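S.K.:
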Ligand SMILES: *Cc1c(COP(=O)(O)O)cnc(C)c1O
């Protein structure tokens with residue numbers, strides 16, 4: 001069926017042992033030696049404790065943007081992790097550094113970047129920090145504009161870097177309102193505009209193609225935060241009408257200055273694997289540093305430490321992504337099949353919600369995040385209370401029936417702009433949000449919605465009202 005993880009993890013371990021043996025024998029030291037029996041006790045405790053984890057792998061986990069890593073990624077990770085390679089420099093991870101250069105080249109090709117410099121990071125947040133750090137170096141003294149729905153960490157990273165942050169309003173689909181950006185840029189106070197390709201909240205795509213002129217006309221940097229949405233670029237040439245797809249933003253990414261994409265979101269990788277790519281390889285100069293304990297300054301940035309803010313980084317992350325992409329290449333008929341199925345899952349899920357009397361679609365999904373609310377709520381605080389109850393009830397059901405949702409806080413303008421005519425008795429309230437990031441969810445989208453409808457129903461009855 002799929003990769004037999006037990007068999008291949010054993011192979012990873014024996015291959016590491018063989019490799020170690022090739023260096024000859026050495027005397028073991030009793031320090032830190034643990035008996036098998038002692039280990040067994042702790043391992044049992046560990047297994048027991050881990051049972052309390054959240055089942056990201058299961059199709060009935062329809063909450064945050066996460067899933068289980070692909071078994072190929074896990075085996076690739078463990079095989080390299082046993083050797084504990086460090087991709088800071090070539091001496092620390094000669095084999096895994098090469099793999100990182102290869103996967104970064106693949107990611108750059110996915111966005112059709114004509115040239116690039118880039119690397120993996122421990123997360124999307126660190127990748128965005130690096131992009132904004134370079135933005136500060138190339139556009140000193142000028143601020144950063146991003147939409148009100150951009151990831152919360154942009155503001156934090158701006159504070160960290162001492163950059164002024166400008167929050168720009170969004171339109172009724174949650175995409176950045178470009179008409180509000182241009183006046184800001186014209187004043188000269190903004191040096192960088194962050195465009196989000198798939199917002200974390202509702203999955204909206206900022207108007208990347210329409211924003212390209214800002215770079216031409218005002219010389220601003222354009223940074224694309226595609227931490228969540230980046231791999232949808234694999235569908236950018238897709239003419240399958242069933243995907244209800246606009247390729248324009250994905251094709252425009254190649255015209256921007258930097259891109260962040262998270263292989264640990266849609267790239268089937270375990271945490272932590274983010275990536276940052278720069279269109280101009282010359283930005284590498286901004287990372288210049290020297291230290292007495294590393295071998296650096298080789299000319300071309302062969303040592304990844306020459307182009308990263310982080311120092312030590314797991315070579316295993318590169319090995320995991322490399323293994324995965326050898327099997328599911330960054331093409332429409334490779335990893336693209338996964339993205340197409342999650343997109344279809346989201347569309348099907350959304351259509352079923354539109355037909356539902358218990359649930360209302362908050363807005364049409366642009367990617368594979370679907371936002372919706374209980375129809376029974378007539379005021380913002382009722383919608384909030386019912387959504388919150390559904391979240392808790394769903395998770396606390398019997399494990400074979402539990403369903404895991406997430407909530408999204410939206411304000412009165414958010415409801416009104418999308419035609420949800422609620423009584424505004426509170427400034428904001430929670431709605432429900434589901435990322436359908438697993439292909440299996442395409443097969444059970446109807447059942448998932450039915451399960452969520454069942455969660456929504458009791459309240460309408462308890463209130464003595466018929467569900468609308
Ligand atoms: C998830 C996400 C981030 C943060 O990435 P982490 O890997 O969680 O640090 C940033 N931007 C967007 C759009 C995201 O969806």
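Numbering (our numbering), first residue to last: 1 to 468. Note that CB positions come from ideal geometry on N, CA and C, so glycine has one too. Computed from a predicted structure; not experimentally measured.
1) Note down, one range per segment and in chain order, each beta strand (DSSP E) of at least 3 residues found wholly within the region 145-229.
2) In whole angstroms, what is the alpha-carbon distance linking residue 344 and residue 246?
3) Find the nearest neighbour of residue 240 within the set 332, 183, 67, judged by alpha-carbon distance.
4) At which residues does the alpha helix (DSSP H) containing residue 489 begin and terminate?
5) Sort 96, 321, 37, 196 by Cα distance to residue 73 and report the nearest one.
6) Would residue 33 be called buried (16 or more neighbouring beta carbons within 10 Å of its own) or exposed?
7) For residue 297, name the three-state secondary structure that DSSP assigns.
8) I'd like the span of the beta strand (DSSP E) that includes residue 360, first residue to last.
9) Measure the CB-CB distance between residue 390 and residue 365 and report whether it falls below 8 angstroms.
10) Just the C-alpha distance for residue 71 and residue 147, rounded to the nearest angstrom, thanks.
11) Would you say the beta carbon of residue 84 is closer than 7 angstroms to some non-hydrogen atom of ligand 1?
12) Could you tell me how far apart the beta carbons of residue 482 and residue 424 are, in whole angstroms, since I believe they sit closer than 8 angstroms?
13) May I have the straight-line CA-CA distance separating residue 454 from residue 347, to the nearest angstrom?
14) Expressed to the nearest angstrom, what Euclidean distance is found between the alpha-carbon atoms of residue 351 and residue 228?
15) Would you call the region 134-146 in contact with the region 110-118, where contact means no fewer than 3 C-beta pairs closer than 8 angstroms?
16) Counting C-beta neighbours from all protein chains within 10 Å, is the total for residue 160 16 or more, i.e. buried, or is it exposed?
17) If contacts are defined as beta-carbon pairs under 8 angstroms, then residue 118 and residue 104 qualify, I think. What distance do you get, rounded to the angstrom?
18) Cα separation between residue 392 and residue 274?
19) With a threshold of 8 angstroms on Cβ separation, who are the neighbours of residue 143 within its own chain once the five nearest residues in sequence on each side are excluded?
20) Could you work out which residue in 153, 15, 199 is closest to residue 368 when comparing CA atoms only?
21) List the residues that DSSP assigns as beta-bridge partners of residue 278.
22) Using the three-state DSSP reduction, which class does residue 270 fall into: helix, strand or coil?
23) Quick one: grab the DSSP three-state call for residue 106.
24) Look at the alpha carbon of residue 311 and the alpha carbon of residue 52, and state the distance between them as a whole number of angstroms.
25) Let me know the secondary structure DSSP gives residue 430 once reduced to three states.
26) Could you give the distance in angstroms between the alpha-carbon of residue 87 and the alpha-carbon of residue 120?
27) If you draw a straight line from the alpha carbon of residue 242 to that of residue 426, how long is it in whole angstroms?
28) Please confirm whether residue 282 has its beta-carbon closer than 8 angstroms to some beta-carbon of chain D.
29) Is residue 380 buried or exposed, if buried means 16 or more other CB atoms sit within 10 Å of its CB?
30) Any chance the CB of residue 264 is under 7 angstroms from a heavy atom of ligand 1?
31) Classify residue 86 as helix, strand or coil using the three-state DSSP reduction.
32) Quick check on the burial criterion: 16 or more other C-beta atoms within 10 angstroms. Buried or exposed for residue 300?
33) Please determine if the region 222-238 and the region 173-181 are in contact, where contact requires at least 3 C-beta pairs separated by less than 8 angstroms.
34) Flag this pair as yes or no: are the beta carbons of residue 336 and residue 235 separated by less than 8 angstroms?
M.R.: Walking through what the data contain:
1) 165-168, 190-196, 221-226
2) Translated into the one-based positions of the chain shown, residue 344 becomes position 344. Translated into the one-based positions of the chain shown, residue 246 becomes position 246. Approximately 14 angstroms between the Cα atoms of the pair.
3) In the chain shown, counting from the first residue as 1, residue 240 sits at position 240. For residue 240, the nearest C-alpha among the options comes from 332.
4) With the chain covering 1 to 468 only, the question about residue 489 has no answer from this structure.
5) Position 73 of the chain shown, counting from 1, holds the residue named residue 73. Nearest C-alpha to residue 73: 321.
6) The count along the chain shown starts at 1 and reaches residue 33 at position 33. Exposed: under 16 other Cβ atoms inside 10 Å.
7) Translated into positions along the chain shown, residue 297 becomes position 297. Summary for residue 297: the model assigns pLDDT 44, below 50, so the residue's position carries little reliability, and this model does not support an answer.
8) If you number the chain shown from 1, residue 360 lands on position 360. 359-363 is the extent of the beta strand (DSSP E) around residue 360.
9) Mapped onto the chain shown, residue 390 falls at position 390. Mapped onto the chain shown, residue 365 falls at position 365. Not in contact: residue 390 and residue 365 (Cβ atoms no closer than 8 angstroms).
10) Along the chain shown, one-based indexing puts residue 71 at 71. Along the chain shown, one-based indexing puts residue 147 at 147. The alpha-carbon atoms of residue 71 and residue 147 are separated by roughly 36 angstroms.
11) Here residue 84 refers to the residue found at position 84 of the chain shown. No - ligand 1 has no heavy atom lying nearer than 7 angstroms to the Cβ of residue 84.
12) As shown, the chain starts at 1 and ends at 468. That puts residue 482 outside it, with no answer to give.
13) If you number the chain shown from 1, residue 454 lands on position 454. If you number the chain shown from 1, residue 347 lands on position 347. Using only the alpha carbons, I get a separation of about 20 angstroms.
14) Along the chain shown, read from residue 1 onward, the residue named residue 351 stands at position 351. Along the chain shown, read from residue 1 onward, the residue named residue 228 stands at position 228. The alpha-carbon atoms of residue 351 and residue 228 are separated by roughly 23 angstroms.
15) no
16) Translated into positions along the chain shown, residue 160 becomes position 160. Flag for residue 160 reads exposed.
17) The residue you call residue 118 lines up with position 118 of the chain shown. The residue you call residue 104 lines up with position 104 of the chain shown. Going by Cβ atoms, the distance from residue 118 to residue 104 rounds to 5 angstroms, so yes, they are a contact pair.
18) Counting from one through the chain shown, the residue named residue 392 turns up at place 392. Counting from one through the chain shown, the residue named residue 274 turns up at place 274. Computed Cα separation, rounded: 31 angstroms.
19) On the chain shown, residue 143 is found 143 positions in, with the first residue counted as 1. Once the five neighbours on either side are set aside, the close Cβ partners of residue 143 are 158, 163, 164, 165, 166, 189, 190, 191, 192.
20) The residue given as residue 368 occupies position 368 in the chain shown. When only C-alpha atoms are compared, the closest one is 199.
21) Mapped onto the chain shown, residue 278 falls at position 278. In DSSP, residue 278 forms a bridge with 117, 258.
22) Translated into the one-based positions of the chain shown, residue 270 becomes position 270. Residue state, collapsed to three classes: coil.
23) Numbered from its first residue, the chain shown carries residue 106 at position 106. Residue state, collapsed to three classes: helix.
24) Translated into positions along the chain shown, residue 311 becomes position 311. Translated into positions along the chain shown, residue 52 becomes position 52. Near 33 angstroms, if we compare the C-alpha coordinates of residue 52 and residue 311.
25) Looking up residue 430 in the chain shown gives position 430. Residue 430: strand per DSSP, three-state reduction.
26) Against the chain shown, residue 87 aligns to sequence position 87. Against the chain shown, residue 120 aligns to sequence position 120. If I take the Cα positions, the gap works out to 9 angstroms.
27) Translated into positions along the chain shown, residue 242 becomes position 242. Translated into positions along the chain shown, residue 426 becomes position 426. If I take the Cα positions, the gap works out to 38 angstroms.
28) Although the question refers to chain D, the structure presented lacks it and comprises just one protein chain.
29) Translated into the one-based positions of the chain shown, residue 380 becomes position 380. Looking at its Cβ environment, which holds 16 or more other Cβ atoms inside 10 Å, residue 380 is buried.
30) Translated into the one-based positions of the chain shown, residue 264 becomes position 264. Yes, since a heavy atom of ligand 1 falls inside the 7 angstroms radius drawn around the Cβ of residue 264.
31) Mapped onto the chain shown, residue 86 falls at position 86. Three-state DSSP puts residue 86 in a strand.
32) Working through the chain shown from its first residue, we reach residue 300 at position 300. Reliability fails at residue 300, whose pLDDT of 49 lies under 50, so the model's placement of it is uncertain and the value that follows must be treated cautiously. Classification of residue 300: exposed, given that the 10 Å Cβ count is below 16.
33) no
34) By one-based count along the chain shown, residue 336 stands at place 336. By one-based count along the chain shown, residue 235 stands at place 235. Cβ atoms of residue 336 and residue 235: closer than 8 angstroms.
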